Structures are given as structure tokens and as C-alpha cells.
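S.K.: Residues in the sequence shown are numbered consecutively from 237, following this note's numbering.
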Amino acid sequence: MASVQIPQIRFDDVRGKHVLVALSGGADSVALLHLLDRNRTAYDLHLTAAHLHHGIRGCDADDDAALCRNLCAGLGIRLIEGRVDVPQLARERGQGLEEAARDARYAFLRQARTDCGADVIALAHHLDDQAETVLMHLLRGAGPEGICGMRRMQGELYRPLLEVRKSALMQFLEDAGIPWREDATNAAADNPRNALRLNVLPEIEKSYPSAAEAIARYARIAQAESDYVSRRCDAFFQAHVHRFPCGWRIDAGAAEEVLLRRTIRRICGCGLPARKLDEIMDLCARPHGRLALGGGILAEQTGGALYLLTRAVPVPEPVPLPLPGEAELRGIGRIRVELGEFPIELGADVEVLDAQALGGAVLRTRRSGDRIHPLGAPGDRLLSDHLIDRKVDRPLRDVLPLIAIGSRVLWVAGQGIAEDARITQTTRARARIRFFPTTDEQAEVYR
237 MASVQIPQIR
247 FDDVRGKHVL
257 VALSGGADSV
267 ALLHLLDRNR
277 TAYDLHLTAA
287 HLHHGIRGCD
297 ADDDAALCRN
307 LCAGLGIRLI
317 EGRVDVPQLA
327 RERGQGLEEA
337 ARDARYAFLR
347 QARTDCGADV
357 IALAHHLDDQ
367 AETVLMHLLR
377 GAGPEGICGM
387 RRMQGELYRP
397 LLEVRKSALM
407 QFLEDAGIPW
417 REDATNAAAD
427 NPRNALRLNV
437 LPEIEKSYPS
447 AAEAIARYAR
457 IAQAESDYVS
467 RRCDAFFQAH
477 VHRFPCGWRI
487 DAGAAEEVLL
497 RRTIRRICGC
507 GLPARKLDEI
517 MDLCARPHGR
527 LALGGGILAE
537 QTGGALYLLT
547 RAVPVPEPVP
557 LPLPGEAELR
567 GIGRIRVELG
577 EFPIELGADV
587 EVLDAQALGG
597 AVLRTRRSGD
607 RIHPLGAPGD
617 RLLSDHLIDR
627 KVDRPLRDVL
637 PLIAIGSRVL
647 WVAGQGIAED
657 ARITQTTRAR
667 ARIRFFPTTD
677 EQAEVYR
């Protein structure tokens with residue numbers, strides 16, 4: 237009997253782990269299960285397989301399940317089976333059949349992994365799949381993250397065959413006399429992936445015989461470069477992106493375009509259309525402007541920063557100011573009031589005021605008609621005008637905590653106190669006000 241040529245694949249990244257193998261009964265997954273089984277002892281692997289009956293192909297699907305049972309029984313590997321009515325699921329969710337099947341399959345595999353206690357889910361995606369994926373993303377206009385294609389290890393998903401051609405897997409099965417099932421739907425060019433597989437890549441490879449390998453190599457290079465950008469983006473995010481009660485504040489002027497684009501995608505999610513991302517970048521080049529992004533998200537450029545507003549401005553109920561004590565303004569932060577002989581302090585989150593001036597005051601956010609007599613100013617004015625003059629960005633004005641009696645504002649976080657509450661020679665008691673934003677990121681915004 238001729239020796240069987242097994243593709244040279246290493247499994248060091250799952251050594252000693254429990255691997256759940258996604259088993260469809262097709263050539264790719266059958267080859268993967270056999271390769272893992274043959275390396276079980278060398279890599280100290282614990283194997284379980286999982287098969288989902290999609291309820292689509294009738295008797296053919298029943299035969300797929302039977303082959304999986306027989307295969308696992310012969311190898312002494314436990315098989316977890318599931319069944320779902322994908323056509324019904326697609327109707328209920330308003331999805332296409334392929335999308336519904338994929339969602340159901342991944343949900344089943346993740347549940348099976350939890351149930352059996354596996355460390356990873358092994359998927360049989362190979363080099364040809366990778367080439368198709370990269371081309372699909374490229375043709376859709378994906379950015380660098382999409383061009384990276386599939387990764388060998390991505391969360392709990394493990395793809396050890398990404399360097400192996402499908403032809404090598406087929407040859408391995410044929411040489412070893414291992415049976416598998418063919419899915420007839422793969423032979424119909426009725427979806428983008430099948431069209432690339434059946435029509436496009438074969439034509440490309442007539443002129444470029446190693447095109448699939450070249451595309452997969454490009455994906456590996458793109459992954460390394462994307463990881464580098466991600467690390468830089470992490471550092472930028474830490475230093476220049478801040479959460480506040482109704483969205484995010486980004487110091488857009490501190491970022492190169494590639495970092496800014498990735499930061500915006502990180503906040504808005506992959507569903508943000510490419511044209512909207514381009515419009516946001518155009519917005520950043522202007523001193524002021526607003527842009528509706530859909531999904532309830534609004535982008536606003538203020539000159540000082542780019543804001544991504546993800547929800548309505550919170551309007552918490554006013555809270556009586558304790559003298560002394562603590563009070564919380566829901567979603568914004570809490571305040572602590574201490575009475576004593578404190579030295580005058582100035583800062584974004586601490587001030588010392590005349591305690592007598594605070595009798596009957598409340599903690600709240602601003603309202604229409606609020607007025608303030610800024611410390612050292614000749615007279616009072618509308619709070620809105622005061623905040624504009626102090627260059628407080630518009631999205632922040634409605635979430636600044638303040639202390640007021642009626643419409644008279646005595647203190648605004650980070651924006652100083654009013655003449656009405658300043659310390660004078662006749663002050664008999666002093667109140668030290670400390671503000672603690674809900675999150676550390678908010679603290680940076682208020683400063």
C-alpha cells in the first residue's frame with residue numbers, strides 16, 4: 237500500500253487542549269478531524285466533534301449526519317449533534333438562507349463548546365477559502381481589517397488549515413481511502429463565494445498559477461501590519477478617546493488618518509458604511525459641523541474635538557445639595573460636600589465655596605434661562621453664553637453638573653464658581669465641593 241502524504245501541519249498552538257472539531261461531513265472537515273486524530277498523541281489533544289443538521293437538504297443531510305456518526309465511532313471521538321430548521325429561521329429573521337445557516341451553525345458550535353468544556357473550536361477553512369474571503373472583502377471595499385481575511389486563531393475559533401490547499405486535503409483523503417460527503421449546492425455559482433470559487437479564481441490561475449497562495453500570503457502580511465496599527469490605536473484610544481454620558485469624545489487632531497478611521501470603526505462597529513466613514517473624515521477637516529450616521533449615532537466636529545453621540549443627553553432629576561454629605565447625579569457623577577476651615581482650592585473637580593450661599597441649592601444639569609455671575613466679572617449673564625466664551629464644546633454643555641438655587645448658578649464643574657458663592661472676609665463657614673465623575677474617562681472630559 238502506498239504511503240499516505242499527510243499535509244505538514246503543526247498544532248503547537250493547541251497542545252494539551254480540548255479541541256471541538258466542526259464536522260460537516262464534507263472533505264475539508266473530514267480531513268481536519270483525521271489530521272487532528274493522527275496528531276492526538278503527539279500534541280496531547282482531547283478531541284470532540286460537533287455536527288449540525290440544517291434541515292435544508294433532506295435525505296442528503298441525513299446521510300451527512302450518518303457519515304459523521306460512523307466516522308467518530310470509528311475514531312473513538314465523541315460526537316455532539318444538533319438540528320435546526322434553517323429555512324424557518326431565515327423566514328423568522330428576514331435573512332437569506334446562507335446567512336441564517338451560518339448564524340445557526342456558529343451559535344450551535346459555541347454552545348457545544350460550552351457544553352463539552354472545549355478550549356477552542358477547530359474549523360476546516362483552508363487556503364482556497366482564505367483567498368476567496370480576501371477577494372470578497374476587497375470587492376466589497378473593505379478596509380485593512382477586512383483584507384486580513386481569516387486568522388489562524390481568532391478568539392475561540394481555530395483554523396489550522398489556512399496554509400493548505402484544498403487539493404492537498406482531497407489528495408490526502410483519496411490516498412487514505414477516507415470517505416466524505418459532497419454538498420451539491422457548492423457546485424452552483426448562485427452566491428458570491430461560489431462564483432469566485434467556480435468562475436473567477438480558476439480564470440485568474442490560468443495566468444497566475446499561484447494566485448491563491450499569493451493572496452493568502454498577502455493576508456498574512458496584512459494581518460501583521462493590521463496588528464501593528466491596532467497596537468498604536470490602543471495607545472491612541474487610551475490617551476485621546478474619552479467616554480461621557482451621551483457618547484465619545486475624540487481628540488481628532490492628535491491622530492493620523494489611519495488611527496482615526498480605526499478608532500471611529502471601533503466605536504461605531506463594523507456596520508458603519510464606508511461612505512459614512514469617509515464623510516466623518518471630511519467632517520474632521522472642517523472647524524464645525526454635524527453628521528447623522530444612522531442607527532441613532534450623530535457625529536459632531538466642534539473645533540476642539542470630534543464627538544460621536546450615541547444616545548440622547550441624560551436629564552437627571554435635580555438632587556438636594558447635602559450640607560454636608562454626598563449626592564449622586566445619575567449617569568453623570570456624585571458630589572461630596574464637606575464643611576470646615578479649608579484653604580481655597582481651584583480645579584476641575586474641587587472648589588471651596590461659602591457654605592451659607594448654598595442653603596436650598598440643588599445639584600443638576602443646566603436648563604434654559606440659567607444665569608451666572610462669574611467670579612471676577614462685572615455682572616451676571618446667561619450660563620450658555622458663559623460656557624461658549626469658555627470654549628466648552630456644545631455636546632458637553634448639557635452634561636456638566638452644576639449647583640444652583642432656582643436659575644442662579646453657583647458652581648459648574650470645571651468652569652469655576654459664581655460671585656454669589658465666593659469666599660469673603662465675612663464668610664463664617666466654608667464648603668469644599670468634590671466632584672467624582674461616573675467613569676475615569678468622564679473625568680478627563682470634564683477637565
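Where a beta carbon is used, it is the ideal one built from N, C-alpha and C, also for glycine. On a predicted model such as this, the values are computed, not experimentally measured, just so you know.
Considering only their Cβ atoms, is the gap separating ILE451 from LEU375 smaller than 8 Å?
M.R.: Against the sequence shown, residue 375 aligns to sequence position 139. Against the sequence shown, residue 451 aligns to sequence position 215. No, Cβ-Cβ distance for LEU375 and ILE451 is not below 8 Å.
S.K.: According to the neighbour-count rule (16 or more other Cβ atoms, all chains shown, within 10 Å of its Cβ), is THR277 buried or exposed?
M.R.: Reading the sequence shown from its first residue, position 41 is the one you call residue 277. With fewer than 16 Cβ atoms within 10 Å of its Cβ, THR277 is classed as exposed.
S.K.: Among the candidates ARG314, GLY540, SER446, PRO445, whose CA atom is the shortest distance from the CA of ALA490?
M.R.: As a first step, residue 490 is located in the sequence shown; it is residue number 254 there, counting from the start. When each option's Cα is compared against that of ALA490, the closest is GLY540.
S.K.: Terminal residues of the continuous alpha helix (DSSP H) containing PHE672?
M.R.: The residue given as residue 672 occupies position 436 in the sequence shown. Here PHE672 belongs to no alpha helix (DSSP H); instead the beta strand (DSSP E) covers 666 to 673.
S.K.: When we look at the beta-carbon of PHE247 and count the other beta-carbons within 10 Å, is it buried (16 or more) or exposed?
M.R.: For this step, residue 247 is matched to residue 11 along the sequence shown. PHE247 comes out buried.
S.K.: Is GLY489 helix, strand or coil when you go by DSSP?
M.R.: Here residue 489 refers to the residue found at position 253 of the sequence shown. Of the three classes helix, strand and coil, the one that applies to GLY489 here is helix, per DSSP.
S.K.: Among the candidates ARG526, LEU646, GLU493, GLU449, whose CA atom is the shortest distance from the CA of CYS469?
M.R.: By one-based count along the sequence shown, residue 469 stands at place 233. Looking at the Cα atoms, GLU493 is the closest of the given residues.
S.K.: Find out if the Cβ-Cβ distance for the pair LEU268, LEU397 is shorter than 8 Å.
M.R.: Locating residue 268 in the sequence shown gives position 32, counting from the first residue. Locating residue 397 in the sequence shown gives position 161, counting from the first residue. Yes; because the gap between Cβ atoms is below 8 Å, this pair is in contact.
S.K.: For MET237, count neighbouring C-beta atoms within 10 Å of its own C-beta (all shown protein chains included) and say buried if the count is 16 or more, exposed if not.
M.R.: Numbered from 1 along the sequence shown, position 1 holds the residue referred to as residue 237. Summary for MET237: the model assigns pLDDT 37, below 50, so the residue's position carries little reliability, and this model does not support an answer.
S.K.: Return the Cβ separation of LEU599 and LEU565 in integer angstroms, given the expectation that the two are a contact with Cβ distance under 8 Å.
M.R.: Along the sequence shown, read from residue 1 onward, the residue named residue 599 stands at position 363. Along the sequence shown, read from residue 1 onward, the residue named residue 565 stands at position 329. With a Cβ gap of about 5 Å, LEU599 and LEU565 count as contacting.
S.K.: Using the Cα positions of ALA412 and GLN244, report the straight-line distance between them to the nearest angstrom.
M.R.: In the sequence shown, residue 412 corresponds to position 176, counting from 1. In the sequence shown, residue 244 corresponds to position 8, counting from 1. The straight-line gap from Cα to Cα measures roughly 15 Å.
S.K.: Helix or strand or just coil, what does DSSP make of THR421?
M.R.: Stepping through the sequence shown from its first residue, residue 421 is reached at position 185. Residue state, collapsed to three classes: helix.
S.K.: Using only the alpha-carbon positions, how far apart do ARG664 and ALA471 sit?
M.R.: Reading the sequence shown from its first residue, position 428 is the one you call residue 664. Reading the sequence shown from its first residue, position 235 is the one you call residue 471. Approximately 48 Å between the Cα atoms of the pair.
S.K.: Are the segment 602 to 617 and the segment 629 to 648 touching by the rule of at least three beta carbon pairs closer than 8 Å?
M.R.: Output reads yes: the segment 629 to 648 touches the segment 602 to 617.
S.K.: Name the two residues that bound the continuous alpha helix (DSSP H) containing THR660.
M.R.: Locating residue 660 in the sequence shown gives position 424, where the first residue counts as 1. No alpha helix (DSSP H) holds THR660; DSSP gives it neither H nor E.
S.K.: Taking 8 Å as the cut-off, decide whether the C-beta atoms of TYR394 and VAL250 are in contact.
M.R.: Position 158 of the sequence shown, counted from the first residue, corresponds to residue 394. Position 14 of the sequence shown, counted from the first residue, corresponds to residue 250. Result yes, Cβ atoms of TYR394 and VAL250 sit closer than 8 Å.
S.K.: Return the residue from the list LEU519, ASP518, HIS524, GLY532 that minimises the CA-CA distance to GLY507.
M.R.: Within the sequence shown, the letter at position 271 stands for residue 507. For GLY507, the nearest C-alpha among the options comes from GLY532.
S.K.: Going by DSSP in three states, ALA348 sits in which element: helix, strand or coil?
M.R.: The residue you call residue 348 lines up with position 112 of the sequence shown. ALA348: helix per DSSP, three-state reduction.
S.K.: When you compare the CB positions of GLY332 and ALA340, do they come within less than 8 Å of one another, or not?
M.R.: Here residue 332 refers to the residue found at position 96 when the sequence shown is read from its first residue. Here residue 340 refers to the residue found at position 104 when the sequence shown is read from its first residue. No. Outside cutoff.
S.K.: In whole angstroms, what separates the C-alpha of ARG666 from that of PRO560?
M.R.: One-based indexing of the sequence shown puts residue 666 at position 430. One-based indexing of the sequence shown puts residue 560 at position 324. Near 11 Å, if we compare the C-alpha coordinates of PRO560 and ARG666.
S.K.: Compute the Euclidean distance between the alpha carbons of GLU577 and ARG570, then round it to the nearest angstrom.
M.R.: Locating residue 577 in the sequence shown gives position 341, where the first residue counts as 1. Locating residue 570 in the sequence shown gives position 334, where the first residue counts as 1. Roughly 22 Å between the two C-alpha positions.
S.K.: Taking the straight line between their C-alpha atoms, what separation do you get for PHE344 and GLY353?
M.R.: Locating residue 344 in the sequence shown gives position 108, counting from the first residue. Locating residue 353 in the sequence shown gives position 117, counting from the first residue. Those two C-alpha atoms are separated by around 14 Å.
S.K.: Any idea which residues DSSP pairs ALA285 with across the strands?
M.R.: Looking up residue 285 in the sequence shown gives position 49. Answer is VAL257, LEU315.
S.K.: Would you identify the three-state DSSP class for VAL537, choosing helix, strand or coil?
M.R.: Residue mapping note: residue 537 aligns to position 301 of the sequence shown, counting from 1. In the sequence as displayed, the identity of residue 537 is Gln instead of Val. Three-state result, GLN537: strand.
S.K.: What's the C-alpha gap between VAL240 and ALA378?
M.R.: As a working note, residue 240 is residue 4 in the sequence shown. As a working note, residue 378 is residue 142 in the sequence shown. For VAL240, the pLDDT reaches just 48, beneath the cut-off of 50, and the residue's location in the model is therefore unreliable, leaving the point undetermined.
S.K.: Below 8 Å between beta carbons: does that hold for GLY318 and HIS289?
M.R.: Here the question's residue 318 lines up with position 82 in the sequence shown. Here the question's residue 289 lines up with position 53 in the sequence shown. Yes.
S.K.: Please classify TYR464 as buried or exposed, where buried requires at least 16 other C-beta atoms within 10 Å of its C-beta.
M.R.: As a first step, residue 464 is located in the sequence shown; it is residue number 228 there, counting from the start. By the neighbour-count rule (16 or more Cβ atoms within 10 Å), TYR464 is not buried but exposed.
S.K.: Under 8 Å, do LEU611 and ILE653 count as touching if we go by C-beta distance?
M.R.: Looking up residue 611 in the sequence shown gives position 375. Looking up residue 653 in the sequence shown gives position 417. The answer is yes: Cβ separation under 8 Å.
S.K.: In three-state DSSP terms, what is GLU553?
M.R.: As a first step, residue 553 is located in the sequence shown; it is residue number 317 there, counting from the start. Looking at GLU553 - three-state DSSP - the assignment turns out to be coil, as it is neither helix nor strand.
S.K.: Given GLY385, which residues of its chain have a CB within under 6 Å of its CB, disregarding the five upstream and five downstream residues?
M.R.: For this step, residue 385 is matched to residue 149 along the sequence shown. So the list reads GLN366, THR369, VAL370, ALA455, once near-sequence residues are dropped.
S.K.: What are the boundary residues of the alpha helix (DSSP H) that includes HIS373?
M.R.: Position 137 of the sequence shown holds residue 373. Element bounds for HIS373: 363 to 375.
S.K.: Taking the alpha-carbon of GLU587 as reference, which of ARG626, PHE672, ASP351 has the nearest alpha-carbon?
M.R.: Within the sequence shown, the letter at position 351 stands for residue 587. Checking every option, the nearest Cα to that of GLU587 belongs to PHE672.
S.K.: Following the continuous beta strand (DSSP E) through TYR279, name the residue where it begins and the one where it ends.
M.R.: Translated into the one-based positions of the sequence shown, residue 279 becomes position 43. From DSSP, TYR279 is part of no beta strand (DSSP E); its letter is neither H nor E.
S.K.: Taking Cβ positions, are ARG617 and ARG633 nearer each other than 8 Å?
M.R.: What you label residue 617 is simply residue 381 of the sequence shown in a count that begins at 1. What you label residue 633 is simply residue 397 of the sequence shown in a count that begins at 1. Not a contact, by the Cβ cut-off of 8 Å.
S.K.: Going by DSSP in three states, HIS622 sits in which element: helix, strand or coil?
M.R.: Numbered from its first residue, the sequence shown carries residue 622 at position 386. Helix at HIS622.
S.K.: Applying the 10 Å Cβ sphere with the 16-neighbour rule, what's the burial state of ALA285?
M.R.: Along the sequence shown, one-based indexing puts residue 285 at 49. ALA285 is buried by the Cβ-count criterion.
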